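A short write-up of the structure that comes next.
Number of protein chains: 2
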Amino acid sequence: MQDRKLISKAVINRLPRYYRYLGLLKDQGVEHISSGDFSRMMKVTASQIRQDLNHFGGFGQQGYGYNVDKLYEEIGKILGLDRVYHTIVIGAGRIGQAIGSYEGFSNRGFRMEALFDRDPAKHGDEVGSGIKIYPLSYLKEYLKTHKVDIAAVAIPSEAANAVVPILVEGGVEAIWNFAHTDFDVPDNVIVQSVHLSESLMQLSYKIVHH
Amino acid sequence: MQDRKLISKAVINRLPRYYRYLGLLKDQGVEHISSGDFSRMMKVTASQIRQDLNHFGGFGQQGYGYNVDKLYEEIGKILGLDRVYHTIVIGAGRIGQAIGSYEGFSNRGFRMEALFDRDPAKHGDEVGSGIKIYPLSYLKEYLKTHKVDIAAVAIPSEAANAVVPILVEGGVEAIWNFAHTDFDVPDNVIVQSVHLSESLMQLSYKIVHH
DNA sequence: TAGATTGTTAATCGATTAACAATC
DNA sequence: TAGATTGTTAATCGATTAACAATC
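Protein chains in written order, with our numbering: chain H, 401 to 610; chain S, 401 to 610.
This is the structure we're talking about:
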């Protein structure tokens, strides 16, 4: 897909937060907001907000501010929230089940369609609104008959390293990684990692050095 | 605590990843590694590694490289992993239980000592290696009689906003936040957030724009 | 010693902030 | 219109990369 202009990585990482705050404003029925007010709400500079939003153009108006509804919708589109992502979860442990059953994701188009686990005791169980847990050994077959956009990987590192080639081979477009490891995948496969232990270490750093 | 030199935010965020890779090298019995080899392993530039590690000084040696054991230990200290953090978890849902029971955290000094939940059906239950679930209403009292360094908050945003003042009032030093919201806390309280939905949106952005 | 590799300075690149003319 | 506020350029700040002399 072609971008209007090239949007920098730093801006992209901020978009979901803008989106969240715009959602709050929308719920409150706010129609428009100035970069100044928005900056106080979000605790960033007004200058940064104007620079960032300007990439998308046309939602600000001098003397008035930004149209909340339009901006919310536009940022949603840019984030790819106007489509459906067929999503599976590898690992039906506590993290895997949490992801598979969280309604907030499906509300945004991340449709949870299957969980996979090696534990036979879990096979056939359901999570959330009827998402089935399948044997991990069925994954390969599943990928042959189902298009999968995103696979969330919520199993230990070693097992994860064994599963990833199956996902790649099976045509999964993106991996949402919760294992404490980095994957080696072809360029066309996207990996987005949530390294919880790294987050916790950044926290302990802050405790020790403040 | 006083830093030797001022270490930039970007470097700090990379430290846990260095630490993880050094742990792997240590397990493999590697005694020393050059910035060149390390850069190929970690897929960053050798220049960045030398710049980063140079902040701590004394672990590199010309013609030899870096001593793995010493560097691992030193970075561990800088990250604050040489001490114990009394840790509690607010919310005994799937995320809360996952955090409370994960052995990897306690192995690094993050001692999980109690969970709190408002659901009476869970009160008295145990998670992981005997960590009890208490009523949320007992939290205030608990904080009076126990020193808590870190509280992981794994409940929905609204409930979280109600609990945070109790944590702050109770002298909790740092909050590890899993709710989809930002907290307003005094300067001396640290907040480290894991915004899963934001991570997922960054992922969908990459899918749509690659 | 000769070769390898760091420590560190300088150059480049990118991101943030400030400022203000344009304009609703 | 006058006031408010954006869009956008220029200035600043910070982070990354390149280069090479120092040195083990």
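Virtual Cβ for every residue (Gly too), placed ideally from N, Cα, C. All values derive from a computational prediction rather than experimental measurement.
Fully contained in the segment 540-609 of chain H are the following beta strand (DSSP E) runs of length 3 or more, in chain order: 550-553, 574-577, 590-593. The criterion of a C-beta distance shorter than 9 angstroms is satisfied by I488/S and A552/S. By a beta-carbon distance limit of 8 angstroms, P416/S contacts E598/H. Their separation comes to about 4 angstroms. Between G496/H and the set L406/H, A560/H, R414/H, the nearest pair of CA atoms involves A560/H.
By the CB criterion at 9 angstroms, I607/H and I550/S fall inside the cutoff.
Under the Cβ criterion (8 angstroms, minimum of three pairs), the segment 514-522 of chain H does not count as touching the segment 449-468 of chain H.
When secondary structure is reduced to three states using DSSP, F456/H falls in the coil class, being assigned neither helix nor strand.
The Cβ-Cβ distance between I433/H and G465/H falls below 9 angstroms. For G491/H, there is no enclosing alpha helix (DSSP H), as DSSP marks it with neither H nor E. Cβ neighbours of D482/S within its own chain (closer than 7 angstroms, five residues either side excluded): G476. In this structure, Y472/H sits away from L536/H, with a CB-CB distance that is not shorter than 9 angstroms.
DSSP, read as helix, strand or coil, puts Y466/H in strand. Counting along the chain, no beta strand (DSSP E) covers A410/H; the unbroken alpha helix (DSSP H) around it starts and ends at 409-427.
At a Cβ-Cβ threshold of 9 angstroms, V548/S and E573/S count as neighbours. G480/S places its beta carbon less than 9 angstroms from that of M601/H. Taking a Cβ-Cβ threshold of 8 angstroms, none of the residues of chain H is close to S434/S; the smallest such distance is about 20 angstroms. Along the segment 451-470 of chain H, none of the residues has a CB nearer than 8 angstroms to a CB of chain S. Spatial neighbours of F438/H in its own chain (CB-CB distance under 6 angstroms, excluding positions within 5 residues in sequence) are listed in chain order as I449. P535/H has D517/H as its beta-bridge partners, per DSSP. At least one CB of chain S lies nearer than 9 angstroms to the CB of R483/H. The C-alpha of I590/S is placed about 26 angstroms away from the C-alpha of T581/H.
When the five nearest sequence neighbours on each side are left out, the beta carbons in the same chain lying within less than 8 angstroms of the beta carbon of V468/S are those of L422, L425, K426, V430, E431, H432, I433, in order along the chain. The Cβ atoms of Y605/S and G570/S do not sit closer than 9 angstroms to each other.
Within the model, the alpha-carbon separation for I566/H versus I478/H is close to 30 angstroms. For G509/S, the CB contacts under 7 angstroms within the same chain, skipping 5 residues up- and downstream, are L481, R483, V484, Y485 in chain order. Distance between R420/S and I412/H, taken at the CA atoms: about 27 angstroms.
For S439/H, the enclosing alpha helix (DSSP H) starts and ends at 435-442. Only residues of its own chain outside the window of five on either side were considered, and among them I490 have a CB closer than 6 angstroms to the CB of V563/S, listed in chain order.
Ranked by how close their Cα comes to the Cα of D587/S, the residues Y418/S, V444/S, I575/S have I575/S in first place. At a cut-off of 9 angstroms, the C-beta of S408/S has no neighbouring C-beta in chain H. In the three-state DSSP reduction, E526/S falls in the strand class (E or B). Between G493/H and A446/H, the CB-CB gap reaches or exceeds 9 angstroms.
One Cα belongs to T545/S, the other to V568/S, and the distance between them is close to 15 angstroms.
DSSP places R450/H in the helix class (H, G or I) of the three-state scheme.
Boundaries of the alpha helix (DSSP H) around E503/H: 503-507.
Contact of V594/S with chain H is assigned, a C-beta pair being separated by under 9 angstroms.
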